[in-house]
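Residue 41 in my numbering sits at position 35 of the sequence shown; the count goes up by one each step and never skips.
Glycine is no exception: its CB is placed at the ideal position from the N, C-alpha and C atoms.
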Amino acid sequence: MKILKFLDDHFEEALIGAGLVIITAVMGAQIICRTFGSSIRWAEELCRYVFVWCGGLGISYATKTETHLRLDVIPNLFPKLKKPYEIIADVALLVFACYMLKPGITVLSLLLET
7 MKILKFLDDH FEEALIGAGL VIITAVMGAQ IICRTFGSSI RWAEELCRYV FVWCGGLGIS
67 YATKTETHLR LDVIPNLFPK LKKPYEIIAD VALLVFACYM LKPGITVLSL LLET
């Protein structure tokens, strides 16, 4: 059970860290290879995909730890309104995400056609 608890607490963190290490190592090797006149063909594409995955995992991690950027003027001015404000902000985020779902699917289908 301790292993599952540890994975639940630190899984995204470990994957993001591993992704950043992979990006650093591969791009470092790419730079060194280019100084000697050759290059690694797949380095930039791998780094791009790992970067996108780190971004997605970062969203998950920020949601889990509640560290998303958020305006906190209202909760700081009115501490009693902190909980309702957080609920309203979360509902607004959910509504925005649902609104952006259709355009996102449209763009994704256009990308899949090409």
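Just verifying my parser: in three-state terms, what is the DSSP assignment at residue i?
i, result
"TRP1", "In the structure as shown, the chain begins at 7 and stops at 120. Residue 1 is therefore absent and cannot be evaluated."
"GLY123", "For residue 123 there is no data in the structure shown, the boundaries of the chain being 7 and 120."
"GLU72", "coil"
Taking only the alpha-carbon atoms, compute the straight-line gap between residue i and residue j and give it to the nearest angstrom.
i, j, result
"ALA95", "MET33", "39 angstroms"
"LYS108", "ASP78", "30 angstroms"
"PHE102", "SER66", "17 angstroms"
"VAL58", "GLU50", "12 angstroms"
"ILE22", "ILE9", "19 angstroms"
"VAL56", "LYS86", "42 angstroms"
"HIS74", "ILE46", "36 angstroms"
"TYR91", "ALA31", "43 angstroms"
Report the start-end ranges of each alpha helix (DSSP H) in the stretch 74-104 that is 4 residues or longer and not cut off at the edges.
Complete alpha helix (DSSP H) runs here, min 4: 79-83.
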